[in-house]
Each structure stands twice: as C-alpha cells, then as structure tokens.
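**Q**
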C-alpha cells in the first residue's frame, strides 16, 4: 500500500425511484474546457443525496448528522482510499507495529489546530477513543473489543491490542473521529447532542443553516492550508426527478444521483463540462443458505452460477452501469493487484452457459421430474425462493431475470419482495433460501473475505465455515508482512472461486456526477485518488482539497 506524502457511507444500492422518461439518460466524456470568469466567486453547489428537509445536527456520533460533518469538520487519523491504493495522513503522520503486532504506535502531525484556534493535543486523541469506551453505544466498530488501552507518549499515541489483529487498524486509524476533549467532555450523553456550533480540525467550518440549504466555508486554520474552494452550499432535494432536472440544468456542481441514460440526460446538455464516474462500490452476491441441504451441495451452486446471465443483469437490470463480477469476488479494478497470477483462467471470469448448468446437475445425479424440475437423488426438487427488498427497483429486476434463467435449466425459482426490515432480519438470521445482497469492502480484499467467510461474522449471511479459509484469515490478521498477507489472500480468492460460498453477480456502483465549469481536479476513472461521491466521508474532504477554481 502506497503512503501518500510518506500514507453504504458504506456502499448501498440505489433505492430511489427512477426519473421520468423525459429526463432519463448514460457514458461520460472528458473534454477541454475554457475559463469561467466568475469562478473564484462561485459557491460549489452540492446535492448530498435525497434527504428531505435538513436537520441542524453536526454530531459526528449521530446517524442523523448532516453530510460533511465527518470529513469536512471532524476528521480521522488517516484516510484510506477504497478506489485506489493511497492512504493519506491526516491528524496522524505515520504508524508502526511492534510487540508481535499487538502494539500500534501512531505519530501525530504537529501544529494541528481546532477551528477555534486551540491546539489539537495527544490528550484529545486519547479522549476520542476513551469516549467510545465510556459510551459503548458510540463504539459502532467495536474498538474496545480489540484494545486494552490507548495512551499518549509525547506526540505519539500507543494502541495496545488484546491479540494481533493488523487489519483492524483500519477502524482505529481510518474510521474513528477525533473530537476536542474540552468541548465533548461536557456532554452527559454525546449521542443526543445536535452540536449546532461544531469545532473541528477539518478543512471547513459550518456557517449558515436552514432546512433548505446549509453552507460551509473554508477553514483558514486548517493544517493543510485554507482550501481553494471557499464556499460550499448543500441543497435540499427530496425527489430524484427534481434533483435530476437541477443537475441537467447545470445548477449543480457535485452530486450522487442514480440517473438512467445519463449521457442523454446529463452529459449531452453540456458535454464540455458535464461528467460522471460510477466507480465500483462493492460486489453484489446471490447468497445461498448453506443450512439448506440442497444449496449446501457445491454442484447446485455451480449450476445456479452457470445459469445466470450476468451481462443481462448489467445491461437490463442495471442500465449498463454495474459490470459482471468475477468468481473470486474481488472488487475490480481497485483490487486488481491482489489477483493471484497463478489463478486458473476459469476462476477469472464467469461464462454464461445453461448447457453447462444442466450437465453439472446431471453429472451429480439430479434428474428432471414430470414438471421439468431437477430433483435430488432423495427426490427433493430444486425449488427456491429469492428474497430481495421491495422497491429496490434494479435489484428487483435482477432477481426476476435470475429466476427466469434458473427456470430455463430446470431450477424452479420465485422472487419474494419484502420490506427492508423483514428482508434484513431474514438474511441475518438465516431464514431464507436465496437472497441478493451486498458485501463489505475495505482497503484490501481481507475485509470482504472476513465478512464473507469468517464463521459467525455478521456479513457471513450464508453460514460458511471451513478450516482452510479460517486459517487463511488468521494468517492475514496476525501478520504485518505484506508477502504473508498476500499469500493468505491468494488462498481465500481461490477458495471463493472454487466453492462459491456466495455467488458473485455484479459490481455495485457509486453514483457520482460533477461539473468542471467552475472547479477542476475531480476524481475520475483515470485519476481515482479518492472515493468520489459527496456522501463518501471523509473522502469528500480529500476531494475538496484537491479542487482548484478556474480563473
């Protein structure tokens, strides 16, 4: 991993309604642009998702905090780029492991100030971890299930682990926000405050607020220098159609909308300035419940996988935006450097082959019944329900397409659309047969594979447990040696491709549209220096500090 200068919001699918046909549109171009004379005075206009009326809340511990609270105001020790290889030092300057990978020591950046002018001290950093211990409800990443202590030694912070867990450093260094002790120690319950006058160490200050629009101004005390983009305006749009119209009318500089046919709707309106990049946000899987005796049979999973027309899912269900995944489940292109060069060719891509699906079942002893459905040797028919959240229109379409594919090869499949609460309850408690769902990701493939393969892990919806994959996860977790970690990942990717514990389908996209009329330097497919969407905290702050106004 590259150290820069030295080093769903997690991905979730679009759940918004589609825009009307009059404003529908797909693939961007990069063009040469001319200067805009009023660029230095232009406030960068942002739609930070479709939220309805804004609530005045800048509490970094609140799920209701306004977009920009985490990243622009409050920041972390480091930022890990999940679409590239960089890890950016923020409040932290560098780190190292010792004591058989049970001690993590972080050197802090000197001369960092809070936005009120007071110094950010090691005591503030220690307090920001201790507050998670004092109020366990705030410790959403389970920091204190892994640590025994956090102490300051001069300008260094020392994290003592209960046992070696090198990849967990991501949650300590890149997922924990640093707050000023003097202010936050006064709150009897930090989870409930709205913190309407926030004091942070990030590159922006919260200024004006109304339920329809709120504003950030550049922080002149920011350690990296006052950002060149001086003013940000966050606008309230609750409907996808009205937001899309505003975008197509060149009123918005930065947003994250799901826009079918985006070339026609957006890019063509001003191709010199209007651009988008739908980066890979994670792998979508068809999860089989391995407690089901039919689905626990590898031959059945292989047949299901061979029967699925993934290009059709991409082009019909996902408007061409989300390409087919690979058998390893690796998130490509960000994780392409982790592919084992010795990986067999059949494990690098899927082939749609109904004939192969039928042959697999026949070779495994399955026979068709009078209705044309394959049955197991004990007479059980291959008949399954595919669960999906109701209203997630692209996923609903994907599941309908998969059900049709499976019926073509003699596997009876019906789609069950559930409310999200019922759907999520079923997949997390194992009360399902097949379900389409997301996966976790992180700075390396370990985070996907841990979620997918670690026994009793919350993301292991399918219930996989295997000594080979468990040992490889342990090998990676306990070592800080890149070569050892790489070999562990090679073992895991081969196991996923060969065993299909969950069946990779397509890559979920991160929606992101931007205009270059007033600002340049946006992340793109050719320069993926940070996650691009305005909700990708704290990446949005990295994006803003890379932008330059036109002059």
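Numbering (our numbering), first residue to last: 1341 to 1891. All residues carry an ideal CB built from backbone N, CA and C; glycine is no exception. Nothing here was measured: the structure is a model prediction, and the numbers come from that model.
#1: Out of curiosity, what's the CA-to-CA distance linking residue 1467 and residue 1475?
#2: Say whether the stretch 1410–1428 touches the stretch 1629–1643, bearing in mind that this needs 3 or more beta-carbon pairs closer than 8 Å, one atom from each stretch.
#3: Exposed or buried, what is residue 1546 when buried is set at 16 or more other beta-carbons lying within 10 Å of its beta-carbon?
#4: Suppose you measure from the CA of residue 1563 to the CA of residue 1453; what does that come to, to the nearest Å?
#5: Report yes if the C-beta distance between residue 1812 and residue 1832 is below 8 Å; otherwise report no.
#6: Would you kindly check if the distance between the Cβ of residue 1534 and the Cβ of residue 1745 is under 8 Å?
#7: Entirely within the stretch 1707–1789 and at least 4 residues each: give me those alpha helix (DSSP H) ranges in chain order.
#8: Please go through the same chain and pick out, in chain order, the residues whose beta-carbon is closer than 6 Å to the beta-carbon of residue 1549, but skip the five residues on each side of it.
#9: For residue 1403, which three-state DSSP category applies?
#10: Check whether the stretch 1825–1841 and the stretch 1667–1680 are in contact - that is, three or more C-beta pairs closer than 8 Å.
#11: Taking just the CA atoms, how far does residue 1738 sit from residue 1412?
#12: Report back the beta-carbon spacing between residue 1514 and residue 1416 to the nearest angstrom; my notes put them in contact at under 8 Å.
#13: Where are the alpha helix (DSSP H) runs, 4 residues long or more, that stay fully inside the stretch 1623–1702, in chain order?
#14: Look at the Cβ atom of residue 1858, then the Cβ atom of residue 1872, and state whether they are nearer than 8 Å.
#15: Quick check: residue 1576 and residue 1393, are their CB atoms within less than 8 Å of each other?
#16: Can you check which of these residues, 1560, 1442, 1875 and 1470, is closest to residue 1505 by C-alpha distance?
#17: Can you give me the C-alpha to C-alpha distance between residue 1676 and residue 1664, rounded to a whole angstrom?
#18: So the candidates are 1704, 1493 and 1587; which of them puts its Cα closest to the Cα of residue 1609?
#19: For residue 1615, report the span of its beta strand (DSSP E) as first-last.
#20: How close, in whole Å, do the beta carbons of residue 1462 and residue 1492 come, if the pair is a contact with beta carbons under 8 Å?
#21: Start and end of the alpha helix (DSSP H) containing residue 1587?
#22: Just verifying my parser: in three-state terms, what is the DSSP assignment at residue 1871?
#23: Alpha carbon to alpha carbon, how far is residue 1834 from residue 1884?
#24: At which residues does the alpha helix (DSSP H) containing residue 1814 begin and terminate?
#25: Ordered along the chain, which non-local residues of its own chain (more than five positions away) have a Cβ less than 7 Å from that of residue 1716?
#26: What residue from 1382, 1890 and 1670 has the CA that sits closest to residue 1688's CA?
#27: Measure the C-alpha to C-alpha separation of residue 1592 and residue 1777 and round it to an integer number of angstroms.
#28: Rounded to whole angstroms, what is the Cα-Cα separation between residue 1802 and residue 1794?
#29: Counting beta carbon pairs with one atom in the stretch 1749–1768 and one in the stretch 1595–1612, are three or more of them shorter than 8 Å?
#30: For residue 1430, which residues from the same chain have a beta carbon less than 7 Å from its beta carbon, with the 5 sequence-adjacent residues on both sides left out?
#31: Buried or exposed: which applies to residue 1525, given that a residue is buried once 16 or more other Cβ atoms fall within 10 Å of its Cβ?
#32: On the DSSP letters alone, give me the boundaries of the alpha helix (DSSP H) that residue 1880 sits inside.
#33: Where does residue 1552 land, buried or exposed, given buried means 16+ other C-beta within 10 angstroms?
#34: In the DSSP output, which residue or residues are listed as bridge partners for residue 1298?
#35: Less than 8 Å between the beta carbons of residue 1496 and residue 1445, yes or no?
#36: Are there any heavy atoms of the ligand ADP lying less than 7 Å away from the beta-carbon of residue 1571, as far as the coordinates show?
**A** In this structure, then:
#1: 12 Å
#2: no
#3: buried
#4: 7 Å
#5: yes
#6: no
#7: 1733–1748 and 1760–1769
#8: 1396
#9: coil
#10: Touching, per the Cβ criterion.
#11: 36 Å
#12: 6 Å
#13: 1638–1647
#14: no
#15: Yes.
#16: 1442
#17: 15 Å
#18: 1587
#19: First-last of the beta strand (DSSP E) with residue 1615: 1614–1616.
#20: 4 Å
#21: 1580–1588
#22: coil
#23: Each residue's Cα considered, the two are about 39 Å apart.
#24: 1807–1817
#25: 1634 and 1706
#26: With distances taken between Cα atoms, residue 1688 lies closest to 1670.
#27: 31 Å
#28: Whole-angstrom Cα-Cα distance: 11 Å.
#29: no
#30: 1415, 1416, 1417, 1418 and 1419
#31: exposed
#32: 1879–1886
#33: Taking every protein chain shown into account, the CB of residue 1552 has fewer than 16 other CB atoms within 10 angstroms, so this residue is exposed.
#34: Given that the chain is displayed from residue 1341 to residue 1891, the structure contains no residue 1298 and the question cannot be resolved.
#35: yes
#36: Inclusion of the ligand ADP in the displayed structure is not the case, the ligand content being empty and no account of it being possible.
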